[in-house]
Amino acid sequence: MVYPLALGEWEAVGEHRYDEARWGVSVRYQQRADPERWLDVYFYPAGVLGPDALRAAAQAEVDGIASLGGRADGYAGVDAGRLRAFKLAQGEDQPALPAWMATIGIEKNGQRYRSVFALLVDDMYFVKLRYTQPEQDGVRRRIADEARALLQQLVARLRIRSSGGCWDPPPIVARP
């Protein structure tokens, strides 16, 4: 997998490779001019998924974020919006990728943020995006469009090559 180190004015400022390959890698992008906004992108194996399984995976992610509301180790509050389906164009010779997106309001340390979550599968890998910025005038109207544009740039420059041959699901362990 090769991902871009820059998306327009956004620069990759950190990468985390998880200990287990099945958890993949995450990358944080930020703008030097506006460090209060950030873009986290996660890449991890998905396998072959049908449309219902992709939607279920996206809903599980949104539910997981929503469950962090009111927890000491999470957010003071979470307002999770509903999932919306969309298609992400790839190029002239390739079919559009089905994707899901939700806009989420979060409160942490007395600050309100607006966040967009998006999920798609590209060549048997999940590509998950979380774009977050402080809640300000006009953010609710434009953040989903900004996130979609960033995801479009990312997917256009992303190189994932997976035959699925190395995919190894977690082992099933019998309990006594």
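If you use this note's numbering, the sequence shown corresponds to residues 36 to 211, in order.
Cβ atoms here follow ideal geometry from the backbone N, Cα and C, with glycine treated the same way.
Across the stretch 162-170 and the stretch 74-90, are there enough close Cβ pairs to call them in contact, namely three or more that are closer than 8 Å? In the pairwise beta carbon analysis, the stretch 162-170 is classified as touching the stretch 74-90: at least three pairs are separated by under 8 Å.
How is the alpha helix (DSSP H) around residue 93 delimited, first residue to last? Start and end: 86-101.
When the Cα atoms are used, what is the spatial distance from residue 104 to residue 71? Taking the straight line from one Cα to the other gives about 21 Å.
Cβ separation of residue 138 and residue 116, assumed to be a contact under 8 Å, to the nearest whole Å: The C-beta separation of residue 138 from residue 116 comes to about 4 Å, placing the pair in contact by the 8 Å criterion.
Residues in the same chain with beta-carbon distance under 6 Å from residue 178, minus the five sequence neighbours each way, listed in chain order, please. Excluding positions up to five away in sequence, the list reads 149, 151.
Which residue marks the beginning of the alpha helix (DSSP H) containing residue 190, and which one marks its end? Note, residue 190: alpha helix (DSSP H), 174-192.
When DSSP builds the beta bridges, which residues end up paired with residue 42? Under DSSP, residue 42 shares a beta bridge with 45.
Taking a contact to mean a Cβ-Cβ separation below 7 Å, would you say residue 109 touches residue 142 in this structure? Cβ distance not < 7 Å, so residue 109 and residue 142 don't count as in contact.
In angstroms with no decimal places, state the Cα-to-Cα distance between residue 169 and residue 209. So the alpha carbons of these two residues sit roughly 47 Å apart.
Tell me whether residue 63 sits in a helix, a strand or coil according to DSSP, three-state version. Residue state, collapsed to three classes: strand.
In the structure shown, what three-state DSSP assignment does residue 196 receive? Looking at residue 196 - three-state DSSP - the assignment turns out to be coil, as it is neither helix nor strand.
When you compare the CB positions of residue 287 and residue 42, do they come within less than 7 Å of one another, or not? Since the first residue of the chain shown is 36 and the last is 211, residue 287 is not available in this structure.
Let me make sure I understand the geometry here. Which of 69, 180, 144 has the alpha-carbon closest to that of residue 107? A check of alpha carbon separations from residue 107 across 69, 180, 144 identifies 144 as the nearest.
If you draw a straight line from the C-alpha of residue 44 to the C-alpha of residue 207, how long is it? Their backbone Cα atoms lie some 45 Å apart in a straight line.
Does residue 134 come out as helix, strand or coil in the three-state DSSP assignment? Strand at residue 134.
Kindly indicate the opening and closing residues of the beta strand (DSSP E) around residue 128. Taken as a continuous stretch (DSSP letters only), residue 128 belongs to no beta strand (DSSP E), as it is neither H nor E.
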